[in-house]
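If you count by my numbering, then the sequence shown holds residues 9 to 198, one letter each, in order. Written below as structure tokens is the structure these notes are about.
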Amino acid sequence: MTEAVYYLLAVLLILAALGCWLANVLTLPGNWVIPLLAGGFAWAYPAQPGAVVAAKTLGISWMVVWVLLGLAVLGELLELAAGMAGAARQGASRRAMALSLVGSFVGSMVGAILLSGVFPLVGTLVGAVAGGAGGAFGGAYLGEWWKGRNSPDRLAVGRGALLGRVLGTLSKLLVGATMVTVLAISAFLE
């Protein structure tokens, strides 16, 4: 392996990880793919003490892959906790919380598709977040309507689901950004 090939593949790895990070906005499991990419890279280019170029050990250690996996779990837990806590704080039923998750997924896809034609990259991201939040609101509202709750209660649960969805997405994006940073440091600086 030449140094140039290693760095070219490391750049492609980081670009793929950034794409996975952005997939989180669409409620896709991007944070879970990052450790898989890192694992493939660690398998192909394991960190070896003898492969040092300019005080840098070429390759990624398996410890980094495990750290990334732990961060992916943390991101999921934070997103789930924030999403559920927002609606649960308002007394949401399980039905409302389940429909909020479904609505969030469908809403993020629809929002991304609708706004991608207006502003290709920014519109897709904004549409996904706004659509996911709107879908969470709609799903929670529908679940509470189905349960027979009155309108003020349905609105409160819907607002809680919307806020929880936005906070959950932001926390998952923060963890994902941390994952990409850890991967980049491992690939280029360790």
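C-beta atoms are modelled at their ideal positions from N, C-alpha and C, and glycine is treated no differently. The structure displayed is predicted, hence computed values, not measured ones.
Residue i Cβ short of 7 Å to the ligand FMN heavy atom set
i: Val13; result: As presented, the structure is devoid of all ligands, the ligand FMN included, so that no description of it is given.
For residue i, three-class secondary structure by DSSP
i: Pro37; result: coil
Limits of the alpha helix (DSSP H) - the one that residue i falls within
i: Ser179; result: Ser159 to Phe196
i: Tyr14; result: Glu11 to Ala31
i: Ala66; result: A small correction: the amino acid at residue 66 is Leu; Ala does not occupy that position in the sequence shown. Looking at the DSSP string, Leu66 is not in any alpha helix (DSSP H), and its letter there is neither H nor E.
i: Val110; result: Arg102 to Ser124
i: Ala148; result: Pro128 to Lys155
Cβ-based neighbour list, residue i, same chain, cut-off 7 Å, excluding 5 preceding and 5 following
i: Val110; result: Gly147
i: Trp40; result: Ala80
i: Gly131; result: Leu123 and Ser124
i: Thr35; result: Ser112, Phe113, Ser116 and Gly140
i: Ile68; result: Ala46, Phe49, Ala50, Tyr53, Ala55, Ser194 and Ala195
i: Thr186; result: Leu79
Counted within 10 angstroms of its Cβ, other Cβ atoms place residue i as buried (16 or more) or exposed
i: Asn158; result: exposed
i: Val126; result: exposed
i: Trp74; result: exposed
i: Pro43; result: buried
i: Glu87; result: buried
i: Ala63; result: Residue placement at Ala63 is flagged as unreliable, the pLDDT there being 49, under the threshold of 50; a coordinate-derived value is accordingly withheld.
i: Trp51; result: exposed
i: Thr189; result: exposed
i: Met71; result: exposed
i: Met27; result: According to the sequence shown, residue 27 is Gly rather than Met. Counting Cβ neighbours within 10 Å, Gly27 comes out exposed, since fewer than 16 surround it.
i: Val137; result: buried
i: Val165; result: buried
i: Arg97; result: exposed
i: Ile129; result: Contrary to the premise, residue 129 reads as Leu rather than Ile in this sequence. Burial call: exposed.
i: Leu182; result: exposed
i: Ala25; result: buried
Other residues of its chain near residue i: CB distance less than 8 Å, five sequence neighbours each side excluded
i: Leu21; result: Leu45, Ala46, Phe49, Leu191 and Ala195
i: Gly38; result: Gly27, Cys28, Trp29, Leu30, Ala31, Asn32 and Gly184
i: Pro160; result: none
i: Leu163; result: Tyr149
i: Ala100; result: Ser108, Ala148, Gly151, Glu152, Val165, Gly168 and Ala169
Close Cβ partners of residue i (< 6 Å) along its chain, the five nearest in sequence each way excluded
i: Gly143; result: Gly111, Ser112, Val114 and Gly115
i: Gly139; result: Gly115, Ser116, Val118 and Gly119
Contact with chain C by residue i, beta-carbon distance below 8 Å
i: Gly146; result: Checking the listed chains, one finds no chain C in this structure; it contains a single protein chain.
Original post:
Three or more C-beta pairs closer than 8 Å, one from the segment 171-185 and one from the segment 77-94: is that the case here?
Top reply: yes
**OP:** Take every Cβ of the segment 150-168, pair it with every Cβ of the segment 117-125, and state whether three or more of those distances are shorter than 8 Å.
**Re:** no
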